[in-house]
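J.: Let me begin by handing over the structure; questions about it come next.
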Amino acid sequence: MTTTTIAPSALPASYWKQWSASAVSNLGDGINFVAMPLLALSLTDDERLLSLTVFATFVPWLVLALPVGMVVDRLNRQHLMITANLLRVVLFVGIGLAASADRLGIWALLALLVVVGSCEVLFDSTAQAWLPMLVEPAHLAKANGYLFAAEIVAGSLAGLALGAVLFDVSVGLPFIANALSFAVGALLVVTIRARRPAAPAVDDGLVDDRRLWASFRWLLDHRLLRTLAAMFTVTNLGLMFGQGIFVKYAAEELSLGPVEFGILLAVTAMGAATGGLLGAPVVGAVGLRASVIGPYLVFGLAQLVIGVADRAWIVATAGFVLGAAITVWNVATVTIRQREIPSDRFGRVNSVYRWLGAAASAVGVAAGGFVAFATNLRAPFLVGGAITVLAAVAFARPVLDGLRRV
68 MTTTTIAPSA LPASYWKQWS ASAVSNLGDG INFVAMPLLA LSLTDDERLL
118 SLTVFATFVP WLVLALPVGM VVDRLNRQHL MITANLLRVV LFVGIGLAAS
168 ADRLGIWALL ALLVVVGSCE VLFDSTAQAW LPMLVEPAHL AKANGYLFAA
218 EIVAGSLAGL ALGAVLFDVS VGLPFIANAL SFAVGALLVV TIRARRPAAP
268 AVDDGLVDDR RLWASFRWLL DHRLLRTLAA MFTVTNLGLM FGQGIFVKYA
318 AEELSLGPVE FGILLAVTAM GAATGGLLGA PVVGAVGLRA SVIGPYLVFG
368 LAQLVIGVAD RAWIVATAGF VLGAAITVWN VATVTIRQRE IPSDRFGRVN
418 SVYRWLGAAA SAVGVAAGGF VAFATNLRAP FLVGGAITVL AAVAFARPVL
468 DGLRRV
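Under the working numbering, think of the first position of the sequence shown as 68, with each following residue one higher.
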């Protein structure tokens with residue numbers, strides 16, 4: 068028997084085009100990631116409204132993620148990604164021009180974020196179902212690792228630094244740059260040819276809503292994915308408690324300005340980039356079981372550190388470790404889903420899985436804003452950290468048992 072070493076050259080040219088498109092689009096995401104909370108903070112200092120700016124990005128996941136899964140399984144995935152990116156070009160140009168003209172209010176921003184999030188649902192749900200059409204199953208872990216690394220390096224390291232500087236120059240400039248990145252990403256996706264077509268959706272005679280419930284049932288009947296989905300849901304609830312008010316936490320508790328805030332986020336991104344580059348080797352070295360359970364404990368402990376830290380460098384260190392753990396976990400769990408879910412139903416089942424996480428994230432970020440408003444800016448991190456640690460302890464045994472056969 069011979070073995071095949073998975074090297075970068077084993078990945079096809081079509082994959083590297085997708086990688087380039089993702090890197091360019093994620094550069095814009097990074098710019099937006101630092102500029103959007105800074106824009107929101109310039110419009111309001113109410114913790115509840117600040118948390119709602121993050122909550123608004125999850126609303127489309129709650130409403131659209133499940134039906135989008137059926138669309139992904141039926142329509143041309145390449146065309147869907149191009150459409151989503153072109154729509155985001157128009158939206159971010161509008162945000163940039165309105166912000167520059169000082170004609171943007173917090174409620175208008177919330178509405179625009181819902182529309183932007185709808186495009187993100189379409190693109191992200193399609194992209195994960197698109198990758199198995201470009202890469203052989205044995206290469207998925209490697210391919211996901213490189214994609215996550217590109218997402219973090221371009222989208223966070225470069226994007227965060229650029230977004231902070233552009234925001235300092237002009238409030239609307241980061242969003243114009245974001246629009247440009249999505250335009251370039253769409254053009255790159257146009258040039259991709261898949262190695263093999265998607266498996267045709269199964270014509271089971273069911274109408275769309277019954278197919279949707281069938282996907283729910285399929286996930287519930289799959290012991291491992293059911294357990295991972297439950298753990299994912301509870302953990303997302305805890306992880307998101309402090310995210311909506313993080314920009315105000317950095318400004319008031321750590322006394323950071325816009326550029327320093329961008330640097331703080333970039334350090335977390337450096338950890339995530341490290342996790343992306345090492346994700347596949349780590350999974351290969353320690354196995355899927357440790358790669359799934361270990362990061363969950365890190366999630367909770369890092370949040371607790373952030374909740375009690377009084378120095379920016381301590382928060383940055385915790386963020387670095389947290390970012391690395393999240394990316395290693397992403398590589399492991401996405402690879403499990405891509406292996407376990409059949410191609411003909413991947414879009415629908417994966418959308419159910421991600422919908423559960425999005426619902427928990429929305430609840431967590433909104434609850435965190437109200438906790439901060441009622442108490443202080445540190446409380447959301449402490450509450451969220453406690454929830455995440457308890458989730459890791461509660462779900463460790465069933466997850467480990469389920470992963471024995473993977």
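By construction, the Cβ of each residue, glycine as well, lies at the ideal position given by its N, Cα and C atoms. Here the structure is a predicted model, which means the values were calculated and not measured.
Please determine, among Gly351, Gln195, Leu117 and Val130, the residue with the shortest C-alpha to C-alpha distance to Gln85.
T.: Gln195
J.: Are the beta-carbon atoms of Leu158 and Val188 separated by less than 9 angstroms?
T.: No, these two residues do not count as a Cβ contact at 9 angstroms.
J.: Closest by CA to Leu444, which one among Ala151, Thr258 and Gly374?
T.: Answer by Cα proximity: Gly374.
J.: Residue ranges of each alpha helix (DSSP H) run of no fewer than 4 residues wholly in the stretch 176–207, ordered along the chain?
T.: none
J.: My output table needs one value for Gly390: the three-state DSSP class, helix, strand or coil.
T.: Under the three-state reduction of DSSP, Gly390 is assigned to helix.
J.: Within 10 angstroms of its Cβ, does His206 collect 16 or more other Cβ (buried), or is it exposed?
T.: By the 16-neighbour rule on beta-carbons within 10 angstroms, His206 is buried.
J.: Could you pull the start and end residues of the alpha helix (DSSP H) that Asn245 belongs to?
T.: Note, Asn245: alpha helix (DSSP H), Leu240 to Val257.
J.: Just to confirm before moving on: does the CB-CB distance between Val101 and Phe234 stay below 9 angstroms?
T.: yes
J.: Work out the CA separation of Arg141 and Ala317 for me, nearest whole Å.
T.: One alpha carbon belongs to Ala317, the other to Arg141, and they sit about 44 angstroms apart.
J.: Pick from Thr111, Ala463, Ile259 and Val450: whose alpha carbon is nearest that of Gly172?
T.: Thr111
J.: When you compare each of Gly343, Ile149, Leu154 and Val314 to Ile330 by their alpha carbons, which one comes out closest?
T.: Considering only alpha carbons, the answer is Val314.
J.: Measuring only the C-alpha atoms, how far is Ile393 from Thr258?
T.: 31 angstroms
J.: Is it buried or exposed, Trp280, if we count other Cβ atoms within 10 angstroms and call 16 or more buried?
T.: exposed
J.: Count the other CB atoms within 10 Å of the CB of Tyr82; is the residue buried (16 or more) or exposed (fewer)?
T.: With 16 or more other Cβ atoms inside 10 Å of its own Cβ, Tyr82 counts as buried.
J.: With a threshold of 16 other CB atoms inside 10 Å of the CB of Glu114, please say whether the residue is buried or exposed.
T.: buried
J.: Quick one: does the C-beta of Ala383 sit closer than 8 angstroms to a heavy atom of the ligand COA?
T.: The model on display carries no ligand, and the ligand COA is accordingly not part of it.
J.: Do Gly435 and Val456 have their CB atoms nearer than 9 angstroms?
T.: no
J.: Is Leu176 near Thr124, with beta carbons less than 9 angstroms apart?
T.: Going by C-beta atoms, Leu176 is not nearer than 9 angstroms to Thr124.
J.: When you compare only the Cα positions, how much space is there between Ala225 and Ala244?
T.: C-alpha separation (whole angstroms): 13 angstroms.
J.: Is the beta carbon of Thr400 sitting closer than 9 angstroms to the one on Phe299?
T.: yes
J.: Cα separation between Val430 and Asp288?
T.: 26 angstroms
J.: According to the neighbour-count rule (16 or more other Cβ atoms, all chains shown, within 10 Å of its Cβ), is Arg464 buried or exposed?
T.: It counts as exposed.
J.: Quick one: residues in its chain with C-beta nearer than 8 angstroms to the C-beta of Ala453, no 5 flanking neighbours on either side, listed in chain order?
T.: Gly305, Gly367 and Leu371
J.: Evaluate the contact criterion for the stretch 200–219 versus the stretch 337–351: three or more CB pairs, one atom per stretch, below 8 angstroms.
T.: yes
J.: Note down, in chain order, each residue of its chain lying with its Cβ closer than 7 angstroms to the Cβ of Phe22, except the 5 sequence neighbours on either side.
T.: The shown model of the chain, from 68 to 473, leaves out residue 22, and the question about it has no answer.
J.: Can you check which of these residues, Asp169, Ala80 and Val438, is closest to Gln310 by C-alpha distance?
T.: Val438
J.: When the Cα atoms are used, what is the spatial distance from Pro325 to Arg290?
T.: 45 angstroms
J.: Between the beta-carbon of Pro204 and the beta-carbon of Arg415, is there less than 9 angstroms?
T.: no
J.: Whole angstroms is fine: what's the gap from Leu344's alpha carbon to Arg378's?
T.: 28 angstroms
J.: By Cβ distance below 6 angstroms, which residues in the same chain neighbour Asn93 in space, the five residues on each side in sequence not counted?
T.: Glu218, Ala221 and Gly222
J.: Which same chain residues, not among the five before or five after Met255, have their C-beta less than 7 angstroms away from its C-beta?
T.: In the sequence on display, residue 255 carries Leu and not Met. Counting only Cβ-Cβ distances below 7 angstroms, and skipping sequence neighbours, we find Lys84, Ser87, Ala88 and Val91.
J.: Quick check on the DSSP output: the alpha helix (DSSP H) that includes Ile408 runs from which residue to which?
T.: Counted as a single uninterrupted DSSP element, the stretch harbouring Ile408 is not any alpha helix (DSSP H), since DSSP gives it neither H nor E.
J.: By the 10 Å Cβ neighbour count, where 16 or more other Cβ atoms means buried, how is Thr302 classified, buried or exposed?
T.: buried
J.: In or out: Val460 buried (at least 16 other Cβ within 10 Å) or exposed?
T.: Val460 is exposed by the Cβ-count criterion.
J.: Taking only the alpha-carbon atoms, compute the straight-line gap between Ala178 and Val126 and give it to the nearest angstrom.
T.: Each residue's alpha carbon lies about 10 angstroms from the other.
J.: Following the continuous alpha helix (DSSP H) through Asp314, name the residue where it begins and the one where it ends.
T.: For the record, residue 314 in the displayed sequence is Val; it is not Asp. Unbroken alpha helix (DSSP H) run through Val314: Phe313 to Glu319.
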